[in-house]
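**Q** Residue numbers (our numbering), protein chains in the order written: chain A, 495 to 731; chain B, 19 to 633.
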Amino acid sequence: MVNMIIDGKDVSAKKDTMLLEAIRGAGIAVPTLCAHESISRSGACRLCVVEIKKGNRTRIVTSCLYGVEDGLIVNTQSPRVQNVRRLVMELLLARCPESDVLRKMAREMGVEPQARYAADQDKGKCILCRSCVRVCEEVVGVSAIGLFSRGSYKEVGTPYHEKSDVCIGCGACVYVCPTGHIEMLSTGDKRKIWGRTFKMQTCDKCGKHFAPVDQLKFISKKTGVPFKNLTTCTECR
Amino acid sequence: MNENSDIQAHEILDNLTLFYGPKKKFVAICAGTGCRASGSLKVKEALEAELKKQNMNDVDVLATGCLGFCEKGPMVVIHPDKYFYQHVKVEDVPEIVSKTVANGEVISRLVYRHPETKKTLYREDDLPFYKKQHRIVFGQNGMLDPSKIEAYFNINGYQALAKALSEMTPDQVISEVKKAGLRGRGGGGFHAAVKWEGVRRAHGDPKYVIANGDEGDPGAYMDRSLMEGNPHSVIEGMIIGAYAVGSNQGYIYVRNEYPLAVEHLTIAIAAARENGLLGKNILGTDFSFDIHINKGAGAFVCGESSALFASIEGRAGEPRAKYVHAVEKGLYDKPTVLNNVETWANVPLIINKGADWYASIGTEGSKGTKIFSLVGKINNTGLIEVPMGTTLYEIIYDMGGGIPNGRKFKAVQTGGPSGGCIPESLLDIPVDFDKLYEVGSMMGSGGMIVMDDTSCMVDVARYFLEFLKEESCGKCVPCREGIRRMSDILEDICAGRGKEGDIELLETMGAAIADGSLCALGGSAPNPVLSTIRYFREEYETHIKEHRCPAGVCKALITYSIDAEKCTGCGVCVKVCATQAITGEKKKAHVIDKDKCTRCGACIQSCKFDAINVK
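1) For residue 19(B) and residue 560(A), I'd like the C-alpha separation in whole angstroms.
2) Relative to the C-alpha of residue 151(B), which candidate in 585(B), 492(B), 415(B) has its C-alpha closest?
3) Can the beta-carbon of residue 532(B) be found closer than 7 Å to that of residue 541(B)?
4) Would you list, in chain order, the members of the segment 474 to 498 of chain B that have their beta-carbon closer than 9 Å to a beta-carbon of chain A?
5) I'd like to know whether the C-beta of residue 183(B) is nearer than 7 Å to at least one C-beta of chain A.
6) For the segment 327 to 355 of chain B, which residues have a beta carbon sitting closer than 9 Å to at least one beta carbon of chain A?
7) Any idea what DSSP makes of residue 707(A), helix, strand or coil?
8) Confirm, please, whether the CB-CB distance from residue 588(A) to residue 493(B) is below 7 Å.
9) List the residues of chain A whose Cβ lies closer than 7 Å to the Cβ of residue 523(B), in chain order.
10) For residue 92(B), name the three-state secondary structure that DSSP assigns.
11) From residue 166(B) to residue 327(B), what distance separates their C-alpha atoms?
12) Between the segment 607 to 629 of chain B and chain A, which residues of the former have CB atoms less than 8 Å from a CB of the latter, in chain order?
13) Buried or exposed for residue 306(B), going by 16 or more other Cβ atoms inside 10 Å?
14) Alpha carbon to alpha carbon, how far is residue 568(A) from residue 471(B)?
15) Run through the DSSP bridge pairs and tell me what residue 448(B) is partnered with.
16) For residue 651(A), which residues in chain B fall below 8 Å Cβ to Cβ?
17) Who are the near neighbours of residue 444(B) in its chain, counting only those whose CB is closer than 6 Å to its CB and skipping five residues on each side?
18) Any beta carbon from chain A within less than 7 Å of residue 534(B)'s own beta carbon?
19) Roughly how many angstroms separate the alpha carbons of residue 395(B) and residue 419(B), rounded to a whole number?
20) What are the residues that DSSP puts in a beta bridge with residue 624(A)?
21) Counting along the chain, where does the alpha helix (DSSP H) carrying residue 284(B) start and finish?
22) Does residue 530(B) come within less than 7 Å of chain A when only Cβ atoms are used?
23) Does the distance from the C-beta atom of residue 508(B) to that of residue 483(B) stay below 7 Å?
24) Could you work out which residues of chain A lie near residue 500(B), taking near to mean beta carbons separated by less than 9 Å?
25) Going by C-alpha distance, which of 659(A), 630(A), 689(A), 513(A) is nearest residue 563(A)?
26) Residues of chain A with CB under 8 Å from residue 507(B), in chain order?
27) Of all the residues that make up the segment 555 to 567 of chain A, which are near chain B by a beta-carbon distance shorter than 8 Å?
28) How is the beta strand (DSSP E) around residue 431(B) delimited, first residue to last?
29) Residues of the segment 655 to 684 of chain A with a CB closer than 7 Å to any CB of chain B: list them in chain order, please.
30) Out of 47(B), 201(B), 573(B), 65(B), state which residue places its alpha-carbon closest to the alpha-carbon of residue 377(B).
31) For residue 324(B) and residue 181(B), what's the separation of their Cα atoms in angstroms?
32) Quick check on DSSP: helix, strand or coil for residue 226(B)?
33) Decide if residue 207(B) is buried, meaning its Cβ has at least 16 other Cβ atoms within 10 Å, or exposed.
34) Given a limit of 8 Å on CB to CB distance, which residues of the segment 638 to 649 of chain A reach chain B?
35) Could you name the residues of chain B that residue 537(A) contacts, counting a contact when the two beta carbons are closer than 9 Å?
36) Counting contacts by CB-CB distance shorter than 7 Å, is residue 574(A) in contact with chain B?
Set out below in structure tokens:
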């Protein structure tokens with residue numbers, strides 16, 4: 495175990511955990527947008543920053559990536575921390591003015607939109623947290639989407655914005671997206687995502703369109719389970 | 019250290035060196051990228067042909083790397099007297115050979131004339147540009163043809179390596195570098211020996227040694243000049259470093275926009291391998307090490323260590339949080355020493371001449387010398403190498419020759435795009451890592467951009483933020499979105515759309531971006547804005563409150579008019595004006611139609627009577 499002082503409280507945490515978990519474990523709320531339990535962390539959103547003190551030196555660190563250390567003094571609400579969080583929220587509100595998730599979060603943090611920033615019209619709700627890219631690579635294992643361009647031109651999408659051959663239409667990206675940016679439309683036996691239309695498998699028992707055929711084929715190929723054994727939905731299994 | 023190797027390594031090297039004897043007389047012609055652009059290779063060919071024609075076969079022509087005084091290129095230095103000729107053309111060659119090379123006679127039209135005293139100065143060392151420099155690293159450029167390893171042998175090349183391998187243990191090498199106080203020349207100023215020690219102690223195999231040659235600062239080219247002009251010094255430094263930390267594999271990460279550097283490094287690595295200085299069993303010892311060149315695709319952010327590793331690994335050049343240091347988990351998550359090109363080039367000197375000698379140069383906290391590229395509104399554009407602690411004044415006025423056209427100095431930007439602008443009142447500060455940081459700038463890799471009173475500081479900040487906006491990798495929010503918004507606000511201020519409160523907002527944003535960004539690019543990106551606000555706040559206020567650009571730069575805030583008393587009605591400006599905004603009768607004062615004028619400045623350039631006013 496590792497002992498630290500967080501916001502004046504003595505907190506002990508398991509070795510090899512991250513500060514974010516230790517802080518939340520102590521009942522202190524830390525806002526995050528890009529830390530998701532099922533994927534590796536990138537430190538992109540910068541909302542989880544905290545101020546740490548080691549010896550005489552204080553600095554701002556990303557709590558989702560900073561491992562716990564014995565004797566660390568952590569301040570999750572210092573003026574510097576609040577300045578960074580306020581800036582990040584203001585910037586994201588200006589980037590994605592349509593996002594309800596961001597608006598609600600900002601309200602809770604007491605952050606108003608910064609009038610000096612002209613709101614973007616072309617970014618949708620995407621904050622470039624890259625959760626979708628990571629889940630597609632790390633969990634699904636197909637890397638159908640990626641990040642391209644640099645700086646403020648950066649975008650998420652399929653290569654060259656063309657229909658992806660490897661996408662299986664699973665919708666994991668939709669599931670992890672914190673702001674609801676990625677559009678997935680399922681109607682009848684069709685699902686539309688990333689510009690491609692997928693045929694949905696009908697459940698042998700209840701007749702529900704429960705998963706894209708391509709996804710079941712992919713699972714069959716990966717696991718060796720024959721395709722015909724996968725054509726029943728999870729509820730009927 | 020290898021047993022029985024103490025004599026062997028030196029012997030092998032001596033045999034290599036003896037093989038090539040230097041010629042006493044030689045003509046060095048600068049063949050760095052700058053001088054090549056102004057035709058130095060043609061002069062070189064002409065020199066060779068002329069020497070042959072005049073049967074002077076005992077004289078060598080060395081196409082050297084950059085000699086530093088780029089303003090005067092192409093330049094030729096005739097040894098052993100070191101006569102310095104500037105702006106040399108092919109037509110000058112026969113005379114140079116028959117008079118100077120053959121008889122030591124000086125051609126006065128080619129020599130340097132002191133701009134103030136008008137005295138002619140013949141020898142390289144007499145020129146004010148060179149006189150105050152201390153060129154321990156960069157000075158070797160003038161003595162060798164970088165494409166020939168034998169030239170490097172002739173100036174004691176690879177002696178430091180032989181010494182390290184045969185007389186020193188790896189720990190002794192590290193402690194020598196530590197005692198010398200060598201700090202990283204790439205920007206951070208981190209102690210090199212501390213990194214080396216970390217990697218030596220770190221668990222993990224293999225260990226990597228990397229030279230960072232991703233010099234991306236606008237106007238900075240000292241690393242390029244070392245890679246082009248003395249590649250073996252970098253390679254030798256790396257081999258010594260690799261021996262010290264226990265690494266067998268090295269990389270040089272160099273921008274692909276530096277084709278000559280890539281070429282010379284490639285030649286040098288091949289020659290070092292051929293001579294048993296790279297590869298297996300270096301100089302007969304059991305130490306093996308090799309270097310691979312990795313060409314960068316031109317992203318500024320790839321100079322940042324973790325982004326550089328990602329780039330070598332074949333991934334997008336994006337930094338990651340560095341809470342586990344590169345000395346433990348660097349390239350491929352293995353212990354890695356990453357030092358800048360110039361840092362590596364210092365290593366052989368320290369081993370050859372000793373830590374005490376090295377530490378005697380420089381200031382308390384910053385040892386040795388530093389190469390700076392001096393560009394912008396300065397008379398002597400070029401590269402200079404000075405001891406740490408030299409004042410900005412000495413650099414700009416003594417070596418740099420002051421500001422052209424009798425204009426007034428306004429500021430100098432040090433440390434590249436994310437450095438800060440230092441005003442005239444601080445010109446007396448000694449330049450070292452700590453002092454520059456104290457005044458809100460940084461050493462960076464050593465770029466210095468000099469500005470005069472025709473430079474608008476808001477426009478300067480706008481320019482650098484525009485650059486950084488383009489170069490941000492886009493991974494984290496404060497850098498990607500924050501720099502863009504700062505840049506928008508600066509754009510507004512320069513266009514007369516600045517608002518009350520903008521300065522304060524920029525300050526708040528700057529502090530939060532510096533604190534909140536993932537890597538040093540975002541961490542230092544607000545510097546140009548914060549430092550110009552700190553020292554030139556009134557200039558921002560004039561833009562915002564009075565909609566005026568005092569320096570006459572921001573087009574939306576200035577108007578051009580003709581001074582009727584000075585105007586002679588010559589009509590030259592009428593001819594150059596692209597929008598036909600100037601009218602007037604011959605020999606009578608002309609006028610500018612403000613609505614048609616695009617404030618391009620062509621009329622100012624063309625007017626011989628200084629009759630065009632900008633307000």
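Note that beta-carbon positions come from the ideal geometry of N, C-alpha and C, so glycine has one too.
Since this is a predicted model, take the numbers as computed values, not measurements.
**A** In terms of the structure at hand:
1) Residue placement at residue 19(B) is poorly supported in this model, since its pLDDT is 45, which falls under 50; the coordinates still yield a value, given next. Going from the Cα of residue 19(B) to the Cα of residue 560(A) covers about 39 Å.
2) 415(B)
3) yes
4) 486, 487, 488, 489, 490, 491, 492, 493, 494, 495, 496, 497, 498
5) no
6) 334, 335, 336, 338, 339, 341, 342
7) helix
8) no
9) 610
10) coil
11) 31 Å
12) none
13) exposed
14) 47 Å
15) 409(B)
16) The contacting residues do not exist; residue 651(A) stays about 14 Å from chain B at best.
17) 457
18) yes
19) 11 Å
20) Paired residues: none, contrary to the question.
21) 277 to 292
22) yes
23) yes
24) 581, 582, 585
25) 513(A)
26) 610
27) 555, 556, 559, 560, 561
28) 427 to 432
29) none
30) 201(B)
31) 33 Å
32) strand
33) buried
34) 641, 643, 644, 645, 646, 647, 648
35) 338, 339, 493, 494, 536
36) yes
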